[in-house]
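K.L.:
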Amino acid sequence: MSGDVSRRDVLRGVAGLHLAGILGPFDRVLGFVTPGMRAEFGGGASTATTAADAAASPDAIAQDAGAALSQWVTVGADGVVAITVHKGDLGQGVRTGLAMIVAEELDADWSSVTVVQAPADGAYGNQGVGGSGSTTGSYTMLRNVGAAARLMLVETAAARWGIPAARCRTERGIVRSDDGREATYAALAVDAAKRTPPAADAVQLKNPSAFTLIGQPRPRVDNADVVTGRAQYALDPQRPGTRYAVISKSPFVGGRLRSFDDAAARAVPGVIDVVNLGSGVAVVGEHTWAALKGRAALDIEWDDRGNAALSTDSIMAAKAAALPEPAALDAPGARIVTSTLDLPFLAHATMEPMTCMAEVAGDRVTVWVGTQSPDSARRAAAQAAGVAEANATVHVMLMGGGFGRRGGTEWVREAVTLSKRLGAPIKLLYPRDEDMRTDNFRPASHHRLRGAVDGMGKIIAWQHHVASGGSGNGPNSGLAGQARPNYTVAGIDAQGFGVADPVSVGAWRSVSSSQLNPANEVLMDMLAAAAGQDPLAFRLANLTNNRLRGVLQLAAEKADWGRSLPPRHGRGIAACAGWGSYVAQVCELEVLGDGRVKVHRVVAAVDCGQAVNPLSVQAQIQGASVDGLSTALGAGITIDGGRVQERTFTDYVWFRMADTPSIEVHVVTGKSSSPGGIGEVGYPAMPAAVMNAVYAATGVRVTRLPIQPGDLVAAGAPTAEPTRSSTAVPTMAPTTAPTEVPPTAPPTAAPPRPTDGPDGTTSTVFLPFGGTGRP
Amino acid sequence: MARHVFQVNGQPREVDAPDDMPLLWVLRDLIGLTGTKFGCGEGGCGACTVLVDGAAAQSCQVSVADVHGSDVTTIEGLSVTGDHPLQRSWMAEDVPQCGYCQAGQIMGAAALLAKSPRPSDADIDAAMAGHVCRCGTYVRIRAAIHRAAEEVRS
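Top to bottom, those sequences are chains A and B. Start counting the first sequence at 1; every next residue gets the next number (the working numbering). Start counting the second sequence at 776; every next residue gets the next number (the working numbering).
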């Protein structure tokens, strides 16, 4: 290995990131690293071992560069603290946040921490990424990891000095005694590594009030690699003799291969092989371009398996038909509201499509893959290679987005199978159209919403019946549980009806909450209108949870809730509770004369308890808000003729720079000392806030997403004013010149004054990104 | 198959490749510069953006024959030590989430700043229209572009 590697790369080698195989090309990529940087990073370490080796033989490792205090923490002679993170990073920031948790209890100097990515290995416990659980599920365990390593260092110092450990304290990588002696972690680490790790009950965790790192904004540890192109995703490692593969799968939903002629594909210069993998036909080439041209030249006959007539209309009709006719609401004298809502299939459309690099050599298989499920990737790799699982190594690479998609292993099996067959390392890439049409979509759903308020504005009936993918029918089905609202309502009738989807469906950011919460928040808005109440006031009057109350009030206050807007502009509010966290979003938008919607501003408030890294919390809410806007106003998967119609980002339309409004995120510091999940909770309220804002702007209730311009025009949204050109759409927040509320908008009561914050504490608001930058 | 000669990040390169081979795959598969990413392969997402003779180009839409004799800059060559104003501002604003699109975003922004040192929000909207960020980091990208522009001015 050359000395021209960054500090992080050095530590990867030292602590055994199993990345030895990919360090070679770094020499070329990092040819620009200066001598000064080298000195700063203290390069030169060269021991490439496994993490297990490091843990088993600390002395041997210590001679070179570091002492392993546990499988999680290695302290180098240069003071660099390598913290192993056991979860993969798909953009949620766990490589930073989880390391912060360990570093906090370890009292490490954050500037000397480097992060090591664990390979798939049961020794690290649950490595799965999903359910917003990476931080919540690891928090206490990783605090213990840090505290245990700290105790080993303290006891080592105390023994050297002949004093009780109680007379020692730690601070930023140094142990100090009460009589003025001090020793760096680096100086203690080799001896500390020889100690028996303390029992869990011997470890004392910090009082959260003593935190110096948890709760502080810290930029991502991977930023420097990302902005210089060094960051390693699955197809970035270099191995000699690598071949490049792409795949072609059935364009028909549920279809399969009938026959194919690969003569033309094989005639493409650079094509090496064409392989029927069962799951599809793979073309392998000397480079990706040859493989892609070979794929285009394949002559394949697909069996539609009777699905050629399948369409979005037929699928949604089947869902609507699955709902039984509801009983009449027993609500004499009440005002009854009723509506339906259709939500589409959604693709994950990760920026990096499905990819995997695999190398089968003898009785071993090595895989480089971005995965939300390292253990299943390892199993799949071993099975496909026909080797023992112990002989399968899975390097968990950075993921170019996941959102639930990367729990799958099909691409792992395919890459390993190809590598075994060709006797060469394989980089398998799903072309964009393949990635999109073979996705496991967020299920489509049909919601029937009914409710009633009495003459006093009290909710006396709440009915949410939903037909979606999944199993189980009726009030006790899994869907029904989540169809219950966040609010305290009487007369709840929440029922789910599972309708098997003809397309492959799966987990998508926030899973069924992405369907049920928007429907509930629209129904809540309808009831507020029926009661003649302000949507915010109505929500606050019908909830008991103070954290939910807190985010609603804070978002409303920051969004200037209640301030008048120009005609055809509107604000909508909605909230979501889940994963131990609370989010409210206010959307301010304008419905143009042609029915298009221009979003001007989003204000979000989030209470996730103990925010480990507020910068990541804010990023997740910003990103989930963009997802919510995109799926409310642009993106949806449709089926026609048995085929998924969308192919890429130009027809599965996600928000881009010009579409994206100012998105302010206000993070609440509440009383809860434990962290809530943050990856998903920012999505489910956002589409509802959009729909409610459209109603506020036009008086039209949205009945399907994504909103089509024609839907609003057909539903009677006010037409264009002659004074405003619909092409001159302001991208900044509108001016605040007071204007009359349009007559079609719902009655707007003066909003209640927000209190100081949730649970009566003062809410702390920091880093409110204005979003539109500097003038 | 033909021999193509051009510069990448200031260094002369010669590759044997089919004339129609997109620059993206030449960079990634033949030269080993993997900082440039594949997103869609048809010019619809901007993930593969590089500079060709100083102008932003989607490298999946430019063939190796097109760049014959040209000067190509990839994310690896944007600066010698990773301290281009945009690289610094991207870190200061903590822009990346998954990070996959960011090389393309930064190269797009670099082309913008080279020709408009004081871009307005509308300039940014126009220049970045070809880029998708599936994580939704646009707010921070915008802030980072403004920050870099300010730094260059002062």
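Virtual Cβ for every residue (Gly too), placed ideally from N, Cα, C. Nothing here was measured: the structure is a model prediction, and the numbers come from that model.
Does the structure place the region 386 to 401 of chain A close enough to the region 203 to 212 of chain A that three or more beta carbon pairs sit under 8 Å?
P.N.:
Output reads no: the region 386 to 401 of chain A does not touch the region 203 to 212 of chain A.
K.L.:
Can you find a C-beta in chain B that's less than 8 Å from the C-beta of Ala438 (chain A)?
P.N.:
Before going further, note that residue 438 (chain A) is Thr rather than Ala in the sequence given. No, because no Cβ of chain B sits closer than 8 Å to the Cβ of Thr438 (chain A).
K.L.:
Of the residues B:Cys908, B:Val907, B:Asp900, which one's Cα is nearest the Cα of His921 (chain B)?
P.N.:
Measuring from the Cα of His921 (chain B), the nearest candidate turns out to be B:Asp900.
K.L.:
Under 7 Å between beta-carbons, which chain B residues line up against His287 (chain A)? List them in chain order, please.
P.N.:
What His287 (chain A) touches in chain B: Trp800, Asp804, Leu805.
K.L.:
List, in order along the chain, the chain A residues whose C-beta lies closer than 8 Å to that of Cys934 (chain B)?
P.N.:
Outside the displayed span of chain B (776 to 929) sits residue 934 (chain B), for which this structure offers no information.
K.L.:
Does DSSP put Trp865 (chain B) in a helix, a strand or coil?
P.N.:
When DSSP states are grouped into helix, strand and coil, Trp865 (chain B) belongs to the helix group.
K.L.:
On the three-state DSSP scale, how would you describe Phe655 (chain A)?
P.N.:
coil
K.L.:
Please list, in chain order, the chain A residues whose beta carbon lies closer than 8 Å to that of Val907 (chain B).
P.N.:
Met351, Phe649, Trp654, Arg656
K.L.:
Quick one: does Arg788 (chain B) have its CB under 8 Å from some CB of chain A?
P.N.:
no
K.L.:
Return no unless some Cβ of chain E is closer than 8 Å to the Cβ of Tyr244 (chain A).
P.N.:
The structure shown contains no chain E; the protein chains it does contain are A and B.
K.L.:
Check this for me: beta carbons of Arg195 (chain A) and Glu155 (chain A), under 8 Å apart or not?
P.N.:
yes
K.L.:
Anyone know if the C-beta pair for Arg568 (chain A) and Ala697 (chain A) falls short of 8 Å?
P.N.:
Yes, the Cβ-Cβ distance between Arg568 (chain A) and Ala697 (chain A) is below 8 Å.
K.L.:
Just grab the DSSP bridge partners of Ser838 (chain B) for me.
P.N.:
Looking at the DSSP assignment, Ser838 (chain B) forms a beta bridge with B:Pro797.
K.L.:
Alpha carbon to alpha carbon, how far is Ser625 (chain A) from Ala77 (chain A)? Give it in angstroms, no decimals.
P.N.:
When the Cα atoms are used, Ala77 (chain A) and Ser625 (chain A) turn out to be separated by approximately 44 Å.
K.L.:
For the alpha helix (DSSP H) that Trp289 (chain A) lies in, which residues bound it at each end?
P.N.:
288 to 297
K.L.:
Mapping DSSP to helix, strand and coil, what is Tyr430 (chain A)?
P.N.:
coil
K.L.:
Entirely within the region 331 to 412 of chain A and at least 4 residues each: give me those alpha helix (DSSP H) ranges in chain order.
P.N.:
Taking 4 residues as the minimum length, the alpha helix (DSSP H) runs contained wholly in the region 331 to 412 of chain A are 374 to 385, in order along the chain.
K.L.:
According to the neighbour-count rule (16 or more other Cβ atoms, all chains shown, within 10 Å of its Cβ), is Arg803 (chain B) buried or exposed?
P.N.:
buried
K.L.:
Can you pull the chain B neighbours of Ile663 (chain A), defined as C-beta to C-beta under 7 Å?
P.N.:
From the beta-carbon of Ile663 (chain A), the residues of chain B found nearer than 7 Å are Val914.
K.L.:
Residues bridged to Pro675 (chain A) by DSSP?
P.N.:
The bridge partners DSSP lists for Pro675 (chain A) are A:Gly609.
K.L.:
Measure how close the beta-carbons of Gly814 (chain B) and Cys910 (chain B) come, nearest whole angstrom, since I'm counting them as under 8 Å.
P.N.:
Actually they are not in contact, since the Cβ atoms of Gly814 (chain B) and Cys910 (chain B) sit about 13 Å apart, beyond 8 Å.
K.L.:
Residues of chain B with CB closer than 9 Å to the CB of Pro269 (chain A), please, in chain order.
P.N.:
Met776, Pro793
K.L.:
With distances taken between CB atoms, is the gap from Ile573 (chain A) to Leu536 (chain A) smaller than 8 Å?
P.N.:
yes
K.L.:
Quick check: the Cα distance between Leu592 (chain A) and Ser445 (chain A), rounded to an integer number of angstroms?
P.N.:
The straight-line gap from Cα to Cα measures roughly 28 Å.
K.L.:
Please compile the residues from chain A whose C-beta is within a distance smaller than 7 Å of the C-beta of Ala886 (chain B).
P.N.:
In chain order: nothing, as chain A lies at least about 14 Å away.
K.L.:
Looking only at C-alpha atoms, which of A:Ser504, A:Arg169, A:Ser132, A:Gly125 sits nearest to Glu105 (chain A)?
P.N.:
A:Arg169
K.L.:
Look at the alpha carbon of Asp791 (chain B) and the alpha carbon of Ala777 (chain B), and state the distance between them as a whole number of angstroms.
P.N.:
5 Å
K.L.:
I want to see whether chain A comes within less than 8 Å of Asp841 (chain B), judged by CB atoms only; does it?
P.N.:
No, because no Cβ of chain A sits closer than 8 Å to the Cβ of Asp841 (chain B).
K.L.:
What number of angstroms, rounded off, separates the C-alpha of Leu805 (chain B) from the C-alpha of Thr824 (chain B)?
P.N.:
Approximately 17 Å between the Cα atoms of the pair.
K.L.:
How about Ser111 (chain A): is its C-beta nearer than 8 Å to some C-beta of chain B?
P.N.:
Not closer than 8 Å to any Cβ of chain B, the Cβ of Ser111 (chain A) fails to qualify, so no.
K.L.:
From the DSSP output, which residues share a beta bridge with His464 (chain A)?
P.N.:
A:Leu449, A:Ala494
K.L.:
Taking one C-beta from the region 856 to 869 of chain B and one from the region 819 to 838 of chain B each time, how about it: are there three or more such pairs within less than 8 Å?
P.N.:
Put simply, the region 856 to 869 of chain B does not touch the region 819 to 838 of chain B. Fewer than three CB pairs are less than 8 Å apart.
K.L.:
Are any of the Cβ atoms in chain B nearer than 8 Å to that of Gly398 (chain A)?
P.N.:
Note that residue 398 (chain A) corresponds to Leu in the displayed sequence, not to Gly. At least one chain B Cβ lies under 8 Å of Leu398 (chain A).
K.L.:
Measure from the C-beta of Leu589 (chain A) to each C-beta in chain B and report whether the shortest distance is under 8 Å.
P.N.:
no
K.L.:
Give me the Cβ distance between Thr409 (chain A) and Ala377 (chain A), rounded to the nearest whole Å; I'm assuming they're in contact under 8 Å.
P.N.:
Contact check for Thr409 (chain A) and Ala377 (chain A): beta-carbon distance about 5 Å, within the 8 Å limit, so the pair qualifies.
K.L.:
So which of A:Gly595, A:Gln620, A:Ala584, A:Pro269 has the shortest CA-CA distance to Val603 (chain A)?
P.N.:
Val603 (chain A) has its Cα closest to that of A:Ala584, out of A:Gly595, A:Gln620, A:Ala584, A:Pro269.
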